[in-house]
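**Q** Quick one: the structure is below, and I'll ask about it shortly.
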Amino acid sequence: MPAIRVLPEEVVNRIAAGEVVERPASAVKELVENALDAGARRIGVTLAGGGRGLILVEDDGCGIPAEELPLAVRRHATSKLADDTLVRIATLGFRGEALPSIAAVARLAITSRPPGADSAFTLVVEGERVEGPRPSAGRPGTRVEVRDLFRRTPARLKFLRSERAELQAALEVVERLALARPEVGFVLEAEGRRLLDLAPAEGERLERTARRAIALLGRDLARDLVEVEAERDGIRLFGLLGLPTAARSDPGAQFLVVNGRPVQDRLLKSALKAAYGDLLAAGRHPVAALFLELPPERVDVNVHPAKIEVRFADPGTVRGLVIGSLRRALAEHGQRTAGRIATAALGTFRPGSTTFAGRPPSPSLPRGLAETAAAFQAPLAPLPPAAPPGAVEPPAEPDPAAYPLGAARAQLHDSYILAQTADGLVIVDQHAAHERIVFEKLKAGLAEGGVARQVLLLPEVVELGPGEREALLERTDELLALGLAIEPFGPGAVLVREVPAVLGERPSGELVRALAKELASLGSLFTLEAAIGRVAATAACHGSVRAGRRLSLAEMDALLRQMERTPGAGQCNHGRPTWIELKRADIERLFARR
Ligand code: ADP
Ligand code: MG
Numbered sequence: 059m060p061a062i063r064v065l066p067e068e069v070v071n072r073i074a075a076g077e078v079v080e081r082p083a084s085a086v087k088e089l090v091e092n093a094l095d096a097g098a099r100r101i102g103v104t105l106a107g108g109g110r111g112l113i114l115v116e117d118d119g120c121g122i123p124a125e126e127l128p129l130a131v132r133r134h135a136t137s138k139l140a141d142d143t144l145v146r147i148a149t150l151g152f153r154g155e156a157l158p159s160i161a162a163v164a165r166l167a168i169t170s171r172p173p174g175a176d177s178a179f180t181l182v183v184e185g186e187r188v189e190g191p192r193p194s195a196g197r198p199g200t201r202v203e204v205r206d207l208f209r210r211t212p213a214r215l216k217f218l219r220s221e222r223a224e225l226q227a228a229l230e231v232v233e234r235l236a237l238a239r240p241e242v243g244f245v246l247e248a249e250g251r252r253l254l255d256l257a258p259a260e261g262e263r264l265e266r267t268a269r270r271a272i273a274l275l276g277r278d279l280a281r282d283l284v285e286v287e288a289e290r291d292g293i294r295l296f297g298l299l300g301l302p303t304a305a306r307s308d309p310g311a312q313f314l315v316v317n318g319r320p321v322q323d324r325l326l327k328s329a330l331k332a333a334y335g336d337l338l339a340a341g342r343h344p345v346a347a348l349f350l351e352l353p354p355e356r357v358d359v360n361v362h363p364a365k366i367e368v369r370f371a372d373p374g375t376v377r378g379l380v381i382g383s384l385r386r387a388l389a390e391h392g393q394r395t396a397g398r399i400a401t402a403a404l405g406t407f408r409p410g411s412t413t414f415a416g417r418p419p420s421p422s423l424p425r426g427l428a429e430t431a432a433a434f435q436a437p438l439a440p441l442p443p444a445a446p447p448g449a450v451e452p453p454a455e456p457d458p459a460a461y462p463l464g465a466a467r468a469q470l471h472d473s474y475i476l477a478q479t480a481d482g483l484v485i486v487d488q489h490a491a492h493e494r495i496v497f498e499k500l501k502a503g504l505a506e507g508g509v510a511r512q513v514l515l516l517p518e519v520v521e522l523g524p525g526e527r528e529a530l531l532e533r534t535d536e537l538l539a540l541g542l543a544i545e546p547f548g549p550g551a552v553l554v555r556e557v558p559a560v561l562g563e564r565p566s567g568e569l570v571r572a573l574a575k576e577l578a579s580l581g582s583l584f585t586l587e588a589a590i591g592r593v594a595a596t597a598a599c600h601g602s603v604r605a606g607r608r609l610s611l612a613e614m615d616a617l618l619r620q621m622e623r624t625p626g627a628g629q630c631n632h633g634r635p636t637w638i639e640l641k642r643a644d645i646e647r648l649f650a651r652r
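Just remember that the working numbering sits 58 ahead of the position in the sequence shown, which is counted from 1.
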């Protein structure tokens with residue numbers, strides 16, 4: 059083996075650069091973080107070629123004195139650590155690695171002018187070569203230009219994705235930082251297009267965070283956000299939560315910020331997931347912007363070169379605080395279904411209303427719409443002498459004004475309950491609503507120590523696939539607590555002896571197979587509680603009134619009254635709304651009466 063040698067600085071830098079600057083987005087992140095650390099109020103980012111050609115970050119922060127410019131690009135040189143203990147880090151940067159790492163893999167030019175200085179100075183670095191600092195023109199603040207990223211490290215170039223994908227990643231990085239610092243203005247331009255234009259948000263902390271979140275995530279989200287604020291043992295949590303019905307199929311709308319630093323933290327993510335628990339189906343991700351503030355010595359940020367992971371000194375407290383306060387916030391809004399849905403429903407009707415004034419439909423209308431409008435304007439066919447039996451039932455007993463969900467009036471398509479309320483109408487998805495009720499009953503039963511079971515007259519044999527039977531039998535005790543008594547039955551089957559009483563006497567094969575599949579695929583990541591919650595959700599789904607079952611008015615009213623009593627009845631276990639409401643005023647608007 060050759061002798062051991064100390065590597066030249068350039069090689070050291072390039073090795074380190076690999077960890078810090080993985081792709082254009084990581085350089086963007088480091089430079090924007092530097093601007094924020096410099097106290098900037100406005101930050102501009104310009105990208106070309108997805109960041110490979112050019113990354114330009116300008117700020118109006120404190121600047122770098124000319125004589126310190128050469129130091130700024132030296133490895134492990136930083137102005138951000140007051141002492142050498144690493145326990146009280148209040149800035150985003152502290153490792154003194156970003157600028158030298160970028161210089162190791164690109165051409166870097168820094169122009170900076172502290173607000174008090176008469177002129178700016180520029181330093182240009184590329185690999186080993188350093189030019190300057192020399193006087194130049196520049197406004198107060200700092201402007202960092204990165205060109206030809208990775209040109210000299212072809213290995214890394216090969217791993218980059220398309221320009222579009224790299225640009226998207228850079229945009230997301232800036233959005234995350236922008237959400238963490240709503241009081242700072244951000245502009246991002248790429249290939250001559252302005253992709254982000256965020257004015258500094260005003261108002262107190264939660265208010266400006268909400269403004270920024272809405273600016274980033276879309277205006278229609280505004281009605282679906284719930285505020286959270288809590289504190290425990292010196293740890294403060296605040297932020298915004300999306301209602302379950304506003305959940306998305308990708309986790310991109312989750313912003314987690316610890317002491318002003320956007321993080322990708324497993325603990326926080328799993329706490330967030332646990333807080334929504336059974337309100338969301340697998341594969342749905344809540345919208346959330348959560349800010350955690352705690353004394354810097356109680357969180358270690360020096361875990362990863364990119365500084366996106368943290369370690370908490372007391373993870374249990376953090377987890378408890380997050381889950382507890384999020385659950386409380388969501389429970390308080392449990393009866394609220396996403397307001398957007400009713401609005402959207404209204405929106406779909408509106409285009410037609412413009413033709414109701416008696417004009418012939420304009421030829422520019424889309425085909426389907428024009429035909430519909432014409433049909434509306436055609437003379438009405440005479441009404442049949444009497445309503446067909448079953449379509450209109452006599453008025454129901456309850457007074458519509460007496461209950462929030464009103465009085466049931468009819469069932470449509472054997473799936474939807476139409477109810478009249480004091481000032482409008484409610485449409486209930488009977489399957490979703492019943493599912494929620496059954497689920498809450500199961501859960502309540504569970505909390506009181508086990509669900510009531512019903513013995514099957516004829517025990518049912520359920521055939522199962524390999525692995526599924528074992529997964530199920532391993533959880534016999536938990537399943538029993540949930541009201542399901544099973545035992546092994548030959549090599550590929552189980553015997554079901556008892557079922558949860560709420561489910562009634564119905565074939566349990568489908569339910570047991572679904573449970574087995576789910577248990578077999580549950581990773582070890584899931585806590586026991588979550589597992590039981592999911593099992594209960596599956597049980598509820600299979601035990602509920604299916605869409606397509608005809609209900610009597612009395613049955614419908616009973617379901618409505620049960621919904622009113624059930625916590626979280628605004629959504630089913632899959633996060634879909636269970637009911638929507640149209641106010642009388644909305645209906646009148648649809649008919650152009652207002
Ligand atoms: P770190 O941010 O970890 O300190 P960097 O390599 O990112 O390391 O930056 C080195 C130093 O250069 C910083 O500590 C700071 O003093 C200075 N600096 C970098 N960018 C800026 C900026 N935009 N405005 C003011 N100073 C900056
Ligand atoms: Mg830095």
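Just so you know, even glycine gets a beta-carbon here, dropped at the ideal spot from N, CA and C.
Computed from a predicted structure; not experimentally measured.
Any idea what DSSP makes of TRP637, helix, strand or coil?
**A** On the sequence shown, residue 637 is found 579 positions in, with the first residue counted as 1. The answer is strand: DSSP assigns TRP637 an E or B state.
**Q** Under three-state DSSP, which class holds VAL380?
**A** Here residue 380 refers to the residue found at position 322 of the sequence shown. Note: VAL380 maps to helix in three-state DSSP.
**Q** Looking at VAL315 and ALA228, is the spacing between their C-beta atoms short of 7 Å?
**A** Locating residue 228 in the sequence shown gives position 170, counting from the first residue. Locating residue 315 in the sequence shown gives position 257, counting from the first residue. For ALA228 and VAL315, no; Cβs fall outside 7 Å.
**Q** Can you name the start and end residues of the beta strand (DSSP E) that VAL245 belongs to?
**A** The count along the sequence shown starts at 1 and reaches residue 245 at position 187. That run of the beta strand (DSSP E) goes 243-248.
**Q** For the segment 110-129 against the segment 91-102, are there 3 or more C-beta pairs whose distance is under 8 Å?
**A** Touching, per the Cβ criterion.
**Q** Tell me the DSSP bridge mates of ALA650?
**A** Residue 650 sits at position 592 when you count from the first residue of the sequence shown. DSSP lists no partner for ALA650.
**Q** Is GLY121 a contact residue of the ligand MG, with contact defined as CB to any heavy atom under 6 Å?
**A** Mapped onto the sequence shown, residue 121 falls at position 63. GLY121: no, Cβ never under 6 Å from the ligand MG.
**Q** Can you list, in chain order, the residues of its chain whose CB lies under 6 Å from that of PRO446, leaving out five sequence neighbours each side?
**A** Here residue 446 corresponds to residue number 388 of the sequence shown, with the count starting at 1. Because PRO446 sits at a pLDDT of 42, beneath the cut-off of 50, its placement in the model cannot be relied upon, and the point is left open.
**Q** Taking Cβ to Cβ, would you say ALA654 is nearer than 7 Å to VAL231?
**A** This structure does not reach residue 654, given that the chain is present from 59 up to 652, and the question cannot be answered.
**Q** Tell me whether ALA75 is buried or exposed, calling it buried when 16 or more other Cβ atoms sit within 10 Å of its Cβ.
**A** Indexing the sequence shown from 1 puts residue 75 at position 17. Buried, because 16 or more other Cβ atoms sit within 10 Å of the Cβ of ALA75.
**Q** What do you reckon, is the C-beta of ASN92 under 6 Å from a heavy atom of the ligand ADP?
**A** For the purposes of this step, residue 92 is taken as the residue at position 34 of the sequence shown. True, at least one ligand heavy atom lies under 6 Å from that Cβ.
**Q** Flag this pair as yes or no: are the beta carbons of PRO635 and THR303 separated by less than 7 Å?
**A** Here residue 635 corresponds to residue number 577 of the sequence shown, with the count starting at 1. Here residue 303 corresponds to residue number 245 of the sequence shown, with the count starting at 1. Annotated as proximal: PRO635 and THR303, with beta-carbon spacing under 7 Å.
**Q** Taking the alpha-carbon positions, what's the LYS365 to LEU326 distance?
**A** On the sequence shown, residue 365 is found 307 positions in, with the first residue counted as 1. On the sequence shown, residue 326 is found 268 positions in, with the first residue counted as 1. Cα to Cα, the separation comes out at about 16 Å.
**Q** How would you label PRO549, buried or exposed, when you count the other beta carbons within 10 angstroms and need 16 or more for buried?
**A** Numbered from its first residue, the sequence shown carries residue 549 at position 491. That one is exposed.
**Q** The ligand ADP heavy atoms versus the CB of SER137: any closer than 6 Å?
**A** Translated into the one-based positions of the sequence shown, residue 137 becomes position 79. Indeed, a heavy atom of the ligand ADP lies less than 6 Å from the Cβ.
**Q** Heavy atom of the ligand MG less than 6 Å from the Cβ of ALA364, yes or no?
**A** Within the sequence shown, numbered from 1, the residue matching residue 364 stands at position 306. No, the Cβ of ALA364 stays beyond 6 Å of every heavy atom of the ligand MG.
**Q** Drop a sphere of 10 angstroms on the beta-carbon of HIS471, count the other beta-carbons inside from all chains shown, and report buried for 16 or more, exposed for fewer.
**A** Stepping through the sequence shown from its first residue, residue 471 is reached at position 413. Exposed: under 16 other Cβ atoms inside 10 Å.
**Q** On a Cα-Cα basis, can you pick out the residue from SER194, PRO158, LEU537, ALA161 that is closest to ARG171?
**A** If you number the sequence shown from 1, residue 171 lands on position 113. Answer by Cα proximity: SER194.
**Q** Report buried or exposed for ASP323, applying the criterion of at least 16 other Cβ atoms within 10 angstroms of its Cβ.
**A** Within the sequence shown, residue 323 is the residue found at index 265, counting from 1. By the neighbour-count rule (16 or more Cβ atoms within 10 Å), ASP323 is buried.
**Q** Among the residues of its own chain, which have a CB less than 8 Å from the CB of ILE122, if the five just before and after it don't count?
**A** Position 64 of the sequence shown, counted from the first residue, corresponds to residue 122. Closer than 8 Å at Cβ, skipping near neighbours: ALA130, ILE168, SER170, PRO172, THR200.
**Q** Is the beta carbon of ILE293 less than 7 Å from the beta carbon of LEU352?
**A** Indexing the sequence shown from 1 puts residue 293 at position 235. Indexing the sequence shown from 1 puts residue 352 at position 294. It is a contact, given that the beta carbons lie within the stated cut-off.
**Q** At a threshold of 6 Å, does GLU88 count as lining the ligand MG (C-beta to nearest heavy atom)?
**A** As a working mapping, residue 88 is identified with position 30 in the sequence shown. Yes.
**Q** State the beta-bridge partners of VAL485 as determined by DSSP.
**A** Position 427 of the sequence shown holds residue 485. The sequence given here places Ile at residue 485; Val does not occur at that position. Answer by DSSP bridge pairing, in chain order: LEU476, ILE638.
**Q** Mark LEU515 as exposed unless 16 or more other C-beta atoms lie within 10 angstroms of its C-beta, in which case mark it buried.
**A** Counting from one through the sequence shown, the residue named residue 515 turns up at place 457. Burial call: exposed.
**Q** Between PRO558 and VAL570, what straight-line distance do the alpha-carbon atoms span, to the nearest angstrom?
**A** Here residue 558 refers to the residue found at position 500 when the sequence shown is read from its first residue. Here residue 570 refers to the residue found at position 512 when the sequence shown is read from its first residue. The straight-line gap from Cα to Cα measures roughly 12 Å.
**Q** Between GLY310 and the ligand PLP, is the CB less than 6 Å from at least one heavy atom?
**A** As far as ligands go, the structure on display features the ligand ADP and the ligand MG and does not contain the ligand PLP.
**Q** With hydrogens ignored, establish whether the beta-carbon of ALA156 is closer than 6 Å to any heavy atom of the ligand MG.
**A** On the sequence shown, residue 156 is found 98 positions in, with the first residue counted as 1. For the ligand MG, at least one heavy atom lies less than 6 Å from the Cβ of ALA156.
**Q** For the alpha helix (DSSP H) containing VAL69, name the first residue and the last one.
**A** Residue 69 sits at position 11 when you count from the first residue of the sequence shown. Its alpha helix (DSSP H) spans residues 67-78.
**Q** Could you check where the alpha helix (DSSP H) with GLN322 kicks off and where it finishes?
**A** Position 264 of the sequence shown, counted from the start, is the residue given in the question as residue 322. GLN322 -> no alpha helix (DSSP H), and no H or E assigned at all.
**Q** Mapping DSSP to helix, strand and coil, what is VAL188?
**A** Locating residue 188 in the sequence shown gives position 130, counting from the first residue. Reduced to three states, the DSSP call for VAL188 is strand.
**Q** Indicate the three-state DSSP secondary structure (helix, strand or coil) for SER582 in the structure shown.
**A** Position 524 of the sequence shown, counting from 1, holds the residue named residue 582. Unreliable positioning characterises SER582 in this predicted model, as indicated by a pLDDT of 33, which lies under 50. The coordinate reading is nonetheless provided below. Reduced to three states, the DSSP call for SER582 is coil.
**Q** When burial is assigned at 16 or more other CB atoms within 10 Å of the CB, is VAL486 buried or exposed?
**A** Residue numbering aside, residue 486 sits at position 428 when the sequence shown is read from its first letter. Buried.
**Q** On the DSSP bridge assignment, give the partners of ILE168 in chain order.
**A** Sequence index remark: in the sequence shown, residue 168 carries index 110 (1-based). ILE168 pairs with LEU181, VAL202.
**Q** Express the C-alpha separation of GLU88 and ASP141 in angstroms, rounding to a whole number.
**A** Against the sequence shown, residue 141 aligns to sequence position 83. Against the sequence shown, residue 88 aligns to sequence position 30. Cα to Cα, ASP141 sits roughly 22 Å from GLU88.
**Q** Where does LEU202 land, buried or exposed, given buried means 16+ other C-beta within 10 angstroms?
**A** The residue given as residue 202 occupies position 144 in the sequence shown. Before going further, note that residue 202 is Val rather than Leu in the sequence given. With 16 or more Cβ atoms within 10 Å of its Cβ, VAL202 is classed as buried.
**Q** Is the CB-CB distance between VAL79 and ILE160 below 7 Å?
**A** Translated into the one-based positions of the sequence shown, residue 79 becomes position 21. Translated into the one-based positions of the sequence shown, residue 160 becomes position 102. Yes.
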